[in-house]
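The next block holds one structure in the form of structure tokens; read it before the comments.
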Amino acid sequence: MRETLHLLVKTDFPAITRNKVETLQVNLGYKCNQTCTHCHVNAGPNRKEMMTAENISVIYDYINSQNIRTLDLTGGAPELHPQFREVVQSARAMNCHVMDRCNLTVLEEPNQEDTAEFLAQHEVEIVASLPCYLEENVDKQRGKGVFEKSIRGLKKLNELGYGKRKNNLKLTLVYNPQGPQLPPAQQSLKKDYTKFLAENFDISFDELFTITNMPIQRFGSMLISKGKFEEYMQLLRDAYSAKNLDSVMCRSMISVDWQGYVFDCDFNQMLGLSLPHKNQIRTHLSDLMHVNLEQNEIAVADHCYGCTAGQGSSCGGALN
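Each step along the sequence shown adds one to the number in this note's numbering, with nothing skipped, and position 302 is 541.
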């Protein structure tokens with residue numbers, strides 16, 4: 240794995256500060272049942288990192304202390320954490336909206352056979368990876384047979400009421416480009432997804448997020464090995480749009496890694512760029528229990544151009 244931080248830290252990206260923290264994004268661990276080429280977390284089946292029960296307790300305390308509105312659970316595959324269901328139930332009991340970054344195929348893993356029903360029961364919003372609606376492209380990016388499993392997962396979620404726009408069971412799909420290019424326009428691509436999935440599989444969903452591939456971890460390493468890193472960075476820089484600065488996800492969110500340390504976003508987390516606070520090298524969530532982070536400086540580097548290029552990109556899809 241080729242590191243990219245040293246290629247990104249020298250930057251002319253504009254200084255930005257945070258608004259009120261409304262979303263707490265928590266990485267429960269890097270273990271995943273898939274190994275995807277675009278993964279900025281470098282997750283996979285052999286990763287062992289998992290959040291401890293002690294740090295999960297800190298998550299609950301922070302939600303209560305800061306009146307967090309949304310808990311965004313990610314990984315790896317967050318469902319593989321042994322306390323995943325407890326975390327969901329506890330957050331919902333605190334009137335916190337819960338999002339699950341689900342890769343769909345995890346729903347067929349051992350001991351996950353009733354996970355879809357559990358998510359529906361607790362009205363968890365599912366943000367599901369489906370980087371293309373064509374089988375060949377999905378399997379190329381995510382592994383042989385992944386598309387077929389993903390379709391079965393989507394059908395099951397539809398049967399439970401997800402993606403039907405008649406209840407609180409929201410289903411969002413996530414598109415990632417196949418290589419070093421920007422995503423197409425989100426709304427026009429959503430129409431393509433909607434038409435193809437409905438006509439070929441009778442599948443429906445609510446939203447489509449298009450997310451730009453970040454030049455870090457596995458994807459960044461691939462760019463370096465193919466001699467395309469600088470070319471891709473120039474693409475992001477040339478497509479920079481200042482109007483996206485007001486809507487980037489780090490304005491209203493903080494990201495917590497499996498050890499409980501805090502970052503401005505999950506991309507910074509993967510680069511080890513800690514949230515700036517009292518000149519600390521690393522800041523633990525327990526240190527921020529009663530801290531107002533509004534107007535706090537956000538750590539930036541050249542990869543931030545990925546969130547502000549073209550239509551913009553964040554964990555919530557395009558910004559404009």
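C-beta: ideal position from N, C-alpha, C; glycine also.
Because the structure is a prediction, the values reported are computed rather than measured.
- Between L319 and V265, the C-beta gap is not smaller than 8 Å, which leaves the two residues out of contact.
- Within the same chain, L312, P317, E318, V327, L358, V363, E364, I365, V366 come within 8 Å of D339 by CB-CB distance, once the 5 residues on both sides are set aside.
- Taking S513 as the centre and dropping the five residues before and after it, the same chain places the C-beta of Y500, V501, F502, N507, Q519, I520, R521, T522, A538 closer than 8 Å to its C-beta, in chain order.
- Note on geometry: alpha-carbon atoms of E348 and L412 lie some 20 Å from one another.
- By the CB criterion at 8 Å, I450 and G556 fall inside the cutoff.
- The residue among S443, Q420, L558 with its C-alpha nearest the C-alpha of Y401 is S443.
- Under the 8 Å Cβ criterion, the region 523 to 530 counts as touching the region 297 to 316, having at least three qualifying pairs.
- Beyond the five residues adjoining it in sequence on each side, L369 comes within less than 6 Å, by CB distance, of S389, L412 in the same chain, given in chain order.
- According to the DSSP assignment, M338 belongs to the beta strand (DSSP E) that extends over 336 to 341.
- Within the same chain, Cβ atoms closer than 7 Å to the Cβ of P416 are found at P422, N452, the five residues on either side in sequence being excluded.
- Following the DSSP letters along the chain, one finds Q264 in no alpha helix (DSSP H) but inside the beta strand (DSSP E) bounded by residues 262 to 266.
- For M492, the uninterrupted beta strand (DSSP E) segment begins and ends at 492 to 495.
- F435 and D445 have their alpha carbons spaced roughly 14 Å apart.
- Nearest neighbour of Q550 by Cα position, chosen from M461, M492, Q425, C543, turns out to be Q425.
- Taken through DSSP and simplified to helix, strand or coil, H542 comes out as helix.
- In the DSSP assignment, A437 falls within the alpha helix (DSSP H) that extends over 425 to 440.
- Put simply, the backbone Cα of V495 is about 24 Å away from that of P253.
- Taking 8 Å as the upper bound for CB-CB distance, D541 and M488 are not in contact here, some 17 Å apart.
- For V377, the enclosing alpha helix (DSSP H) covers residues 374 to 381.
- Between the alpha carbons of A437 and T256 lies a gap of roughly 42 Å.
- Exclusion of the five residues before and after L343 leaves A367, S389, G392 as the residues of its chain whose Cβ lies within less than 6 Å of its Cβ.
- In the structure shown, Y301 adopts helical secondary structure according to DSSP, grouped into three states.
- Of E352, N407, K430, the smallest CA-CA separation from C371 is found for K430.
- When DSSP reads this structure, M289 sits in a beta bridge with G268.
- Rounded to the nearest whole angstrom, the C-alpha separation of L244 and L510 is 6 Å.
- In the three-state DSSP reduction, D526 falls in the helix class (H, G or I).
- Per the DSSP secondary-structure output, I365 pairs in a beta bridge with D339, L410.
- Within the DSSP bridge table, the entry for V248 names no partner.
- A straight-line Cα-Cα distance of about 18 Å links N531 and L310.
- Under the three-state reduction of DSSP output, D503 falls in the coil class, being neither helix nor strand.
- Note that the C-beta distance between G545 and L475 is below 8 Å.
- Per DSSP, reduced to three states, the secondary structure at G283 is strand.
- In the DSSP secondary-structure assignment, E446 is bridged to T411.
- DSSP places L312 in the uninterrupted beta strand (DSSP E) bounded by 309 to 313.
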